[in-house]
Each structure stands twice: as structure tokens, then as C-alpha cells.
Amino acid sequence: MSEIFDETRALFDLPEGIIYLDGNSLGPLPRATAGRVASCVTEEWGKLLITGWNRAGWMEMPRRIGDRIGRLIGAEPGTVVMGDTLSIKVYQALASALELRPGRRVILSDTGNFPSDLYMADGLVRTLGDGYALRTVAPEDVEAAITPDLAVLMVTEVDYRTGRRHDMARLIEKAHGAGALVVWDLAHSAGALPVDLAGAGADFAVGCTYKYLNSGPGGPAFIYVAPRHADKVRPALSGWLGHQAPFAFDLDYRPGDGIERMRVGTPPILQLAALEASLDIWDRIDMHDVRARSVELCEAFIAGVEATCPTLTLGSPRNPDERGSQVSFRHPEGYAIMQALIARGVIGDFRAPDTLRFGFTPLYTTLADVEGAVMALSGIMATDGWDRPEFKARAKVT
Ligand SMILES: *Cc1c(COP(=O)(O)O)cnc(C)c1O
């Protein structure tokens, strides 16, 4: 197992002297990406022009790549398609799930969910009017809040701030028992830990590719629809590429077959090409190996920080089974501490109000990186190295 990660680390173009612990927010650049994108630009777009849609297989890319993502999240072949951004896919999945539960009007989510997911749900509820409502509870209260009036449970498996992980199989069983459907956001799961959508009986799932899957800034999102729903859902975002026959240019919308109907508009070919280069690495990876190494890295980081930085408080669950692939520590001066750490070449990020966030990504993160990060952090804490005006000025992106 360790040999495969020695190999994969060499496939990433990481800047010299940097310890990168933020692949949970933006994955780094695979060495093959620039060449793949350049060839898509010059050989495909440049030489084939519009015939690229047929001759370079651009039109099928969202499905073809969807299947490669599907393998990483336990989806059946033909159930995943790429496109748009994650926020859009959340809206789309939620709208379709609600329509499959006529007569029910409540969406349940939790306060640990990523705000954009909650904003999208809120906007959808406002558009629908007519008694539709979004109900949020604390993450630990989700299971108890699944009541028979529920239409859809919408949760993110791994909490972006704390790394706390919901029990997917259990929540699905409980929600289905109450007659509700479930929409999973896999933003911090896809490429982070094994996911078994088919085995767990999932209804809908969505996720992004620029985090653990290294597609680059603004890379396209994905959506999964279970085969039992795929030909029944009515897409709320009924764009022409989800139509049964886009090039018939019918005036009436007829949804395409299965997952095809979740496509909306023209796919981002250059970003899909970048994603393809990254998936050439992922195709060789067993998610159980990733998980074992991720737990090892996270545990070593927690032990190292707790042994040397007594004023930092663990903000993630201590039990690895209850965590994703990230570790959070809390401190009132968290922002300045993170800036000081970045100045020393250790890149994590900060989430308001007080969370220092570190992502562990076995494809390119080693135990030596963990040791280096602990050493830098303990050095800063021991000397109050964060207590300087330049580390306290807030940037736009934290
Ligand atoms: C990263 C993230 C998003 C971001 O959505 P975009 O539309 O891609 O900007 C949404 N939801 C969750 C849970 C996330 O972690």
C-alpha cells in the first residue's frame, strides 16, 4: 500500500518546500494536467473546431467521466453525470427529490451543513412557496429529527468545518423508514474515504471535483441518481442537453434517458480534460488504501499537536470512525496562527470563528509532512509567532 502512495506523490507538481494540507479545499496540480489541457486546446479545439463535439467525444465526456467518479463513490455504472457547480447540483437534486414526494413539504438539514447548501434549499423553498419549509437541527440531532412529515433529508456526509461524519447507511435506513428520500453532499467524501452509494441505498448524491479529486479551480460538479429514480425524476433545471433529443430543437421539453436528464447546458470541456488527467491517477487507487493511510496521517497529526500545543483544542471527533479526512483545531487567534503557518510553508486554512483546518490526502501527503507541520505549528505556538499585525489582516478568501 505505501508503495502506491510513493508513486502517486511523484505524479503531483507540488512547490518545493511547501507542506500542503489544504487539498480538502483545492487539490494540487497533477503533473499530467497541463499537457492534457494543452492538447485539448491545441489538438482538439484548435484543429477540430466544432467537430470536436463528435470527433473528440466531447459530448459524451460528462457521462464517461461520471462513471470514473462513480467507481470512487460506489455508484452503479451509468448513474453519475458531470456538470455545473456543486451549489447548482444541490438545488437540482433537492428539487427532483421533493417532486418524488408529493404531499410532503419539509426538508431537513443540519446546522453543520455548508452554508451554500442551506442557501440553495432556502431559495428553492421560497420559489415553491405553498408551505414548503427547510428545517435545520444540530448535526447530532438529525437522526431523532426524522419524522413522518419529512419529504427530503439533505445532509453533507463530512462536515466541512469539523470533519464530523454522518453514518450514511443508518440515516438512509431511518429516512426511508419514515417515507423520506435523502440527498447526500459528498464534497468532503469523494476521494477522501470509501463511499458505497449503491450498497447504502442512496437516492441522490452530489459533489465537487476541485477538492480531493484535483480537477483545478472551478472544476465541474457531479450528480448521482439511483437507478430506481432515474427515469422518474423531473429535472427542475430542464436545459437542452438534458433533453431526449437536444438537436431536434423541439419547443417542448422531454427529459433524456436516466442520468442524461440531469445535464443542463454545454459542458466545460477544458475543465473536464483537467479532471480526466487527475482521474488517470485515481483509476489505480483503492479507496480502502486511501482511508487506511488517511487515518494514520490524521492520528499522527492529532497526537503531535496535542503533545506540543496545549492551547489548541481538537475540533474534530477523536474517534477516526466518526471523522472524514481532515482535522480541525480551535483557538481564538486561529486566523493569525494559520497565516503564520502559511508564512512558514505549511498551508492549511481557517474557518470562522476559530477553526484551523488541515486536510490529509494520502496521494501526496506523507508522515514526514505531518511531522514538519507539527514542528512548524508548535514553534509558532511556543513563541507566539502569530502575534504580528501582518498575520491579523483578513484576506478575502480564508
Ligand atoms: C465546497 C462545498 C460547496 C461549494 O459549492 P460550489 O458551488 O462548488 O462553490 C458546497 N457544499 C459543500 C458541502 C462544500 O463542501
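Heads up: the sequence shown begins at 14 in my numbering, then just goes up one per residue.
Don't be surprised by glycine CBs; every beta carbon is placed ideally from N, CA and C.
Asked, Found
"Whole-angstrom distance between G65 and R177, CA atom to CA atom", "44 Å"
"Straight-line gap, L111 to A249 (C-alpha atoms, nearest Å)", "10 Å"
"DSSP beta-bridge partners of P152", "P152 is not bridged to any residue."
"Cβ-heavy atom distance, Y225 to ligand 1, below 8 Å", "no"
"For I393, three-class secondary structure by DSSP", "helix"
"Beta bridge counterpart(s) of Q339 as assigned by DSSP", "G372"
"Check: Y173 C-beta below 8 Å from any heavy atom of ligand 1", "yes"
"Cβ contact (3+ pairs, closer than 8 Å) linking the segment 326-343 and the segment 201-208", "yes"
"C-alpha gap between R331 and G231, whole angstroms", "32 Å"
"Element boundaries [alpha helix (DSSP H), containing M167]", "Counting along the chain, M167 falls outside any alpha helix (DSSP H), though it belongs to the beta strand (DSSP E) covering L163 to T169."
"Length-filtered (3 minimum) beta strand (DSSP E) runs lying within the segment 233-265", "235-238"
"Euclidean distance between Cα positions of D19 and Y377", "8 Å"
"Proximal residues to A191 (C-beta, below 7 Å), its chain only, five neighbours per side dropped", "I159, T160, P161 and L163"
"Buried or exposed by the 16-neighbour rule on C-beta atoms within 10 Å, applied to K60", "exposed"
"Own chain, CB closer than 8 Å to Q284, minus 5 neighbours either side, in chain order", "S228, G229, G231, G232 and P233"
"Distance between V359 and D92 (C-alpha atoms, nearest Å)", "It is worth fixing the name first, because residue 92 is Thr in this sequence and not Asp. Whole-angstrom Cα-Cα distance: 38 Å."
"Ligand 3 heavy atom lying under 8 Å from the CB of A47", "Ligand 3 is absent from the structure shown, which contains only ligand 1."
"Classification of A47 by the beta-carbon crowding that lies within 10 angstroms, buried from 16 upward", "exposed"
"Beta carbon of P366 nearer than 9 Å to that of G96", "no"
"beta-carbon S109 near ligand 1 non-hydrogen atom, thresh 8 Å", "no"
"Limits of the unbroken alpha helix (DSSP H) element including A349", "G347 to A356"
"Cα-Cα separation, V246 to A356", "49 Å"
"For A406 and R84, the rounded distance between their alpha carbons", "43 Å"
"At least three beta-carbon pairs within less than 8 Å, the segment 102-118 to the segment 311-328", "no"
"Contact test: T98 Cβ vs ligand 1 heavy atom, cutoff 8 Å", "yes"
"Residues bridged to M95 (per DSSP)", "F235"
"heavy atom of ligand 1 below 8 Å from V208 C-beta", "no"
"Counted within 10 angstroms of its Cβ, other Cβ atoms place P402 as buried (16 or more) or exposed", "exposed"
"Extent of the continuous beta strand (DSSP E) run through L121", "V119 to D123"
"Buried versus exposed, by CB contacts within 10 Å (16 or more), Q352", "buried"
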